[in-house]
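Worksheet: the structure to be examined is printed underneath.
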Amino acid sequence: MKASVFQHFYHHYSSSVTSGRQHVNGVDLYYEQTGRGKHAVLLLPGALGSTRTDFGPQLKSLNKERFTVVGWDPRGYGQSRPPDRDFPPDFFERDAKDAVDLMKALGFGKFSLLGWSDGGITALIAAAKNPDLISRMVVWGSNAFVTKHDLKLYDAVRDVSKWSARMRQPMEEVYGAEGFAKTWEAWVDGIAQFAKRPEGSICLELLPSISCPTLIIHGEKDPMVPSIHPQCLLKLIKGSRCSYELL
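Whatever position you read off the sequence shown (first residue = 1), add 10 for the working numbering.
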């Protein structure tokens, strides 16, 4: 049988990566860890993402002498199942608490955050609520509110059968075709619920509480996150910087 994308790539970095499960807040969270540097970094994956689907290159290539790198699968995603993923109104806050408590359980007293997409939102909340724990933060492809225009973008990709096979493959290898379709549709409904809040807020009110040095990265060709979102983060996060990339 032809090796999967995960198996082929994972082979190249698995020898230097340790993995395990840590019981946190009532669930067993899967994580992978590499490096021995003094600066601990937590990698936060995007919607339905996991350590292996989203951060293989970082676990392989980040400077292992300077950094200790931890990747995790949020509850209900990847190998942090069971339980299956659900999307209550506080699911981002729940992920943020899980992420911080996981790092505490692994023995890290202070660490930085690298989050993309939903993982970036989780990072924003974690940094706002735990200023004494978070050293630095990088987020990309992230938003702090949901607009009516955003809802149209989400609805346009609701049906994963219309995605290309290349786009579906990594997620279908994790969840199966049916499981991926079901969980993705639940995510679309989950993110849409924020549009009913004042200003469509996910975490707008928390952004001024972020005190760590923050870099906001945005791909100018990002089809899902209009540029209004990084502009908002830059405006409301004190001392933050923004880099626009042709991605």
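Using N, Cα and C, we set each Cβ at its ideal position, and we do this for glycine too.
Measure the Cβ-Cβ separation of residue i and residue j and say whether it is below 8 Å.
i	j	result
Leu52	Trp194	no
Phe97	Ile131	no
Ser90	Asp100	no
Asp108	Arg85	yes
Asn153	His33	no
Leu69	Val27	yes
Ala205	Lys158	yes
At what residues does the beta strand (DSSP E) containing residue i begin and finish?
i	result
Cys252	Arg251 to Glu255
Arg31	Thr28 to Val34
Asp38	Val37 to Gly45
Which stretch, first to last residue, makes up the alpha helix (DSSP H) that contains residue i?
i	result
Gly66	Gly66 to Ser71
Met147	Counting along the chain, Met147 falls outside any alpha helix (DSSP H), though it belongs to the beta strand (DSSP E) covering Ile144 to Trp150.
Ile6	One cannot answer for residue 6 here, as it falls past the ends of the chain, which runs 11 to 257.
Ala196	Ala187 to Ala202
So what does DSSP say about residue i, is it helix, strand or coil?
i	result
Leu243	helix
Phe101	helix
Gly125	strand
Arg178	helix
Lys248	coil
Ile220	coil
Ser237	coil
Gly117	coil
Leu112	helix
Ala106	helix
Leu134	helix
What does DSSP give as the partner residue(s) for residue i in the beta ladder?
i	result
Ala50	Thr78
His228	Tyr254
Phe155	Ser211
Legend entry - Inter-stretch contact at 8 Å, needing at least 3 Cβ pairs: the stretch 77-87 / the stretch 37-45: Counting C-beta pairs closer than 8 Å gives three or more between the stretch 77-87 and the stretch 37-45, which meets the contact rule.
Legend entry - At least three beta-carbon pairs within less than 8 Å, the stretch 209-222 to the stretch 129-145: Yes, they touch.
Inset, instruction - Would you be able to state if there are at least three C-beta pairs under 8 Å between the stretch 147-154 and the stretch 110-130? - result: Touching, yes.
Inset, instruction - Kindly confirm or deny that the stretch 172-182 and the stretch 245-253 touch, where touching means at least three C-beta pairs closer than 8 Å. - result: Between the stretch 172-182 and the stretch 245-253, the count of C-beta pairs closer than 8 Å stays below three; the two stretches do not touch.
Inset, instruction - Report yes or no: do three or more beta-carbon pairs, one from the stretch 198-214 and one from the stretch 226-239, lie closer than 8 Å? - result: Short answer: they don't touch.
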